[in-house]
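**Student:** In terms of full-length UniProt numbering, the sequence shown opens at residue 1 and continues consecutively. Take this structure, written in structure tokens, and hold onto it; I'll ask about it next.
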Amino acid sequence: MTEYTPKTRLAAVLNQTEKVDRMPAICVTQTGTVEQMEACGIFWPEANYDAKMLAGLAAAGHTEIGFEAIRVPFDITAEAEFFGCGIKDGTKVQQPSVINHVVNSLDDLKPFEGYDINDSSKRISTILESIKIVADEYGAELPIIGSMIGPFSLAQHLTGDSWFMDIMTKEEYGLAIMEFTTEFGIAYANAQIDNGADTLSIIDPTASYSLIGGEFYKKFVVPFHAKLVEAMHARNVPVVLHVCGDTTDGLAIMESAGVDAISVDQNVNAATAVSKVEKALIVGNLDPVNCLWNTSVETVTAESERVLKELDGKGLLAPGCGIVSQTPSAHLRAMVEVAKSYKY
Numbered sequence: 001m002t003e004y005t006p007k008t009r010l011a012a013v014l015n016q017t018e019k020v021d022r023m024p025a026i027c028v029t030q031t032g033t034v035e036q037m038e039a040c041g042i043f044w045p046e047a048n049y050d051a052k053m054l055a056g057l058a059a060a061g062h063t064e065i066g067f068e069a070i071r072v073p074f075d076i077t078a079e080a081e082f083f084g085c086g087i088k089d090g091t092k093v094q095q096p097s098v099i100n101h102v103v104n105s106l107d108d109l110k111p112f113e114g115y116d117i118n119d120s121s122k123r124i125s126t127i128l129e130s131i132k133i134v135a136d137e138y139g140a141e142l143p144i145i146g147s148m149i150g151p152f153s154l155a156q157h158l159t160g161d162s163w164f165m166d167i168m169t170k171e172e173y174g175l176a177i178m179e180f181t182t183e184f185g186i187a188y189a190n191a192q193i194d195n196g197a198d199t200l201s202i203i204d205p206t207a208s209y210s211l212i213g214g215e216f217y218k219k220f221v222v223p224f225h226a227k228l229v230e231a232m233h234a235r236n237v238p239v240v241l242h243v244c245g246d247t248t249d250g251l252a253i254m255e256s257a258g259v260d261a262i263s264v265d266q267n268v269n270a271a272t273a274v275s276k277v278e279k280a281l282i283v284g285n286l287d288p289v290n291c292l293w294n295t296s297v298e299t300v301t302a303e304s305e306r307v308l309k310e311l312d313g314k315g316l317l318a319p320g321c322g323i324v325s326q327t328p329s330a331h332l333r334a335m336v337e338v339a340k341s342y343k344y
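Printed below as a string of structure tokens:
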């Protein structure tokens with residue numbers, strides 16, 4: 001039998017190149033928790049702004065919890081910060097958030113032309129450096145999951161809440177914004193790969209089929225996700241897509257972008273999700289609040305086993321969204337152990 005490392009196991013599962021011995025235990029959404037911070041002595045919000053600290057806390061997901069991958073970063077605001085959006089730093093228990101926006105017209109994009117993705121004055125350079133640090137230390141054995149906000153949600157961060165009306169009333173403007181954010185996403189993803197990432201997790205929370213409907217999803221989301229996926233596949237990097245909310249009715253359309261896996265949240269029935277896609281793996285979908293945070297080891301174990309039964313070998317057990325920062329490590333370890341015990 002083939003001997004797998006966590007890196008080769010996850011690659012084989014996501015690329016569906018061969019049947020492996022057991023399920024990888026990973027998390028494609030944010031992994032940071034207070035107990036991990038206390039264990040390694042590295043805390044938010046400072047860790048978000050220092051490459052060594054960011055790498056150290058990201059690695060705690062492996063060393064303290066047992067995740068068989070390291071995922072960087074913890075939030076989805078560095079991209080908006082890159083273009084000048086105001087950012088609230090967050091706290092020890094809360095991630096940063098976007099507090100103001102910079103684009104009201106296409107003219108507002110002109111100052112951003114010719115940007116340098118490696119600009120050392122931007123937090124993205126910190127993230128890229130942290131990816132290199134964890135890749136150099138762990139990348140021979142562990143998958144390094146680079147993560148970034150998706151192009152639709154970045155467009156909303158840049159433009160504000162008017163974005164949802166804009167795509168309905170100003171099509172040319174909306175498509176131009178999407179072209180811009182997608183090209184930026186490709187540049188950022190390539191930079192993550194250059195620094196050692198071997199898997200990409202796209203977090204596009206507001207690109208919801210249930211929020212904008214099928215017509216607008218097909219026009220303003222699918223073609224741009226497809227461009228990102230094509231660029232990543234050209235570099236042999238598998239792509240996992242996470243969109244928040246009940247994505248049940250949109251799963252087939254989401255898959256049409258060519259993603260290798262779709263992460264679904266707790267509002268989706270995992271068995272139904274499996275039935276909606278042709279090839280993409282379904283990742284999820286333990287409730288991060290009402291299961292992983294607020295129950296017990298026994299409940300997490302039981303819920304993990306339930307989700308695995310629903311996935312029926314066609315997905316990966318994981319949290320349904322970003323892990324709540326106050327989640328007990330014991331609960332996360334229980335999920336990891338159930339995943340690792342699942343034999344294909």
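For each residue, glycine too, the CB sits at the ideal point set by N, CA and C.
Out of Thr126, Ile253 and Leu200, which has the shortest C-alpha to C-alpha gap to His233?
**Tutor:** It is Leu200 whose Cα lies nearest to the Cα of His233.
**Student:** Indicate the three-state DSSP secondary structure (helix, strand or coil) for Asn285 in the structure shown.
**Tutor:** DSSP places Asn285 in strand when its eight states are reduced to three.
**Student:** So the candidates are Pro223, Ala271, Glu298 and Ala339; which of them puts its Cα closest to the Cα of Val259?
**Tutor:** For the residues Pro223, Ala271, Glu298 and Ala339, the minimum Cα distance to Val259 belongs to Pro223.
**Student:** Mapping the DSSP letters down to three states, classify Arg333 as helix, strand or coil.
**Tutor:** In the structure shown, Arg333 sits in a helix (DSSP, three-state: H, G or I).
**Student:** On the CB-based measure, 16 or more other CB atoms within 10 Å of its CB, does Ala330 come out buried or exposed?
**Tutor:** By the neighbour-count rule (16 or more Cβ atoms within 10 Å), Ala330 is not buried but exposed.
**Student:** Using 8 Å as the threshold, is the C-beta distance between Asn255 and Glu278 below it?
**Tutor:** What sits at residue 255 in the sequence shown is Glu, not Asn. Yes.
**Student:** DSSP three-state label for Asn242, please.
**Tutor:** It should be noted that the sequence gives His, not Asn, for residue 242. The answer is strand: DSSP assigns His242 an E or B state.
**Student:** Once you ignore the five residues that flank Phe43 on each side, which residues in its own chain have a CB closer than 7 Å to its CB?
**Tutor:** These residues qualify, in order along the chain: Met37 and Lys92.
**Student:** How many Å lie between Val134 and Thr169 at the Cα?
**Tutor:** Looking at the two C-alpha atoms, the distance is approximately 44 Å.
**Student:** On the three-pair Cβ rule with 8 Å, is the stretch 135–143 touching the stretch 162–178?
**Tutor:** Because the criterion of three Cβ pairs below 8 Å is not met, the stretch 135–143 and the stretch 162–178 do not touch.
**Student:** Within the 8 Å Cβ cut-off, does Met53 reach chain D?
**Tutor:** Absent from the structure: chain D. Only one protein chain is present.
**Student:** Cβ of Thr301 within 8 Å of Cβ of Val338?
**Tutor:** Yes, they are a contact pair.
**Student:** Taking only the alpha-carbon atoms, compute the straight-line gap between Lys132 and Leu308 and give it to the nearest angstrom.
**Tutor:** Using only the alpha carbons, I get a separation of about 33 Å.
**Student:** For the stretch 199–216 and the stretch 234–243, state whether three or more C-beta atom pairs, one from each stretch, are separated by less than 8 Å.
**Tutor:** Counting Cβ pairs under 8 Å, three or more are found: they touch.
**Student:** Assign Val13 to buried or exposed, taking buried as 16 or more other Cβ atoms, counted over all protein chains shown, within 10 Å of its Cβ.
**Tutor:** Answer is buried; the Cβ neighbour count reaches 16.
**Student:** Would you report the Cα separation of Val297 and Thr159, rounded to the nearest angstrom?
**Tutor:** So the alpha carbons of these two residues sit roughly 42 Å apart.
**Student:** Span of the beta strand (DSSP E) holding Pro319?
**Tutor:** Per DSSP, Pro319 belongs to the beta strand (DSSP E) from Gly315 to Pro319.
**Student:** Would you kindly report the start and end of the unbroken beta strand (DSSP E) that includes Leu128?
**Tutor:** Leu128 -> not in any beta strand (DSSP E); alpha helix (DSSP H) instead, spanning Arg123 to Tyr138.
**Student:** List the endpoints of the continuous beta strand (DSSP E) containing Met148.
**Tutor:** Its beta strand (DSSP E) spans residues Ile144 to Ile149.
**Student:** Using 8 Å as the cut-off, can you tell me whether the stretch 319–326 makes contact with the stretch 98–107, which would need three or more C-beta pairs spanning the two stretches below that distance?
**Tutor:** These segments do not touch.
**Student:** Tell me whether Pro288 counts as near the ligand PLP, meaning its Cβ is closer than 7 Å to at least one heavy atom of that ligand.
**Tutor:** Absent from the structure shown: the ligand PLP. Ligands present: none.
**Student:** Using alpha carbons as the reference points, say which of Asp21, Pro205 and Ser208 lies closest to Thr2.
**Tutor:** Of the listed residues, the one whose Cα sits closest to Thr2 is Asp21.
**Student:** Less than 7 Å between C-beta atoms, sequence neighbours within five positions excluded: which residues of the same chain meet that for Ala257?
**Tutor:** Result list for Ala257: Val222, His225, Ala226 and Val229, in chain order.
**Student:** On the criterion of 16 or more Cβ atoms from any shown chain inside 10 Å, does Pro24 qualify as buried, or is it exposed?
**Tutor:** Buried: at least 16 other Cβ atoms inside 10 Å.
**Student:** Confirm, please, whether the CB-CB distance from Ser130 to Ala51 is below 8 Å.
**Tutor:** Cβ distance < 8 Å, so Ala51 and Ser130 count as in contact.
**Student:** Relative to the C-alpha of Arg110, which residue among Asp119, Ala176, Leu57 and Leu251 is closest?
**Tutor:** Residue 110 is actually Lys in this sequence, not Arg. Considering only alpha carbons, the answer is Ala176.
**Student:** Beta carbon of Glu68, beta carbon of Ala39: below 8 Å?
**Tutor:** Against a cut-off of 8 Å, the Cβ pair of Ala39 and Glu68 comes out as no contact.
**Student:** Looking only at its own chain, which residues have a Cβ that is under 6 Å from the Cβ of Leu128, when we skip the five neighbours before and after it?
**Tutor:** Correct list, in chain order: Ala191 and Asn195.
**Student:** Quick check on the DSSP output: the alpha helix (DSSP H) that includes Arg9 runs from which residue to which?
**Tutor:** Its alpha helix (DSSP H) spans residues Pro6 to Asn15.
**Student:** Can you find the residues in the same chain that come closer than 6 Å, C-beta to C-beta, to Glu81, ignoring five residues on each side of it along the sequence?
**Tutor:** Taken in chain order, the residues that qualify are Ile87 and Arg123.
**Student:** Which residues in the same chain have their Cβ closer than 7 Å to the Cβ of Gly57, if we skip the five residues on either side of it in sequence?
**Tutor:** It should be pointed out that residue 57 corresponds to Leu in this sequence rather than to Gly. These residues qualify, in order along the chain: Gly32, Gln36, Met37, Cys40, Ile42 and Ala47.
**Student:** Apart from the five residues on each side of it in sequence, which residues of its chain come closer than 8 Å, Cβ to Cβ, to Leu10?
**Tutor:** Only Pro24, Ile26, Glu68, Ala69, Pro143 and Thr199 meet the Cβ criterion.
**Student:** At what residue ranges does the stretch 193–263 contain a whole run of the beta strand (DSSP E), taking only runs of 3 or more?
**Tutor:** Listed in chain order, the complete beta strand (DSSP E) runs (minimum 3 residues) inside the stretch 193–263 are 199–203, 239–242 and 261–263.
**Student:** Near Gly84, which residues of its chain fall below 8 Å by C-beta distance, leaving aside the five closest residues on each side in sequence?
**Tutor:** These residues qualify, in order along the chain: Val102.
**Student:** Select from Asn290, Met335, Thr272 and Thr299 the residue whose C-alpha is nearest the C-alpha of Lys314.
**Tutor:** Checking every option, the nearest Cα to that of Lys314 belongs to Thr272.
**Student:** Restricting to Cα atoms, I'd like to know which of Asp249, Cys244, Tyr342 and Ile253 is closest to Ser263.
**Tutor:** That would be Cys244, whose Cα lies nearest to the Cα of Ser263.
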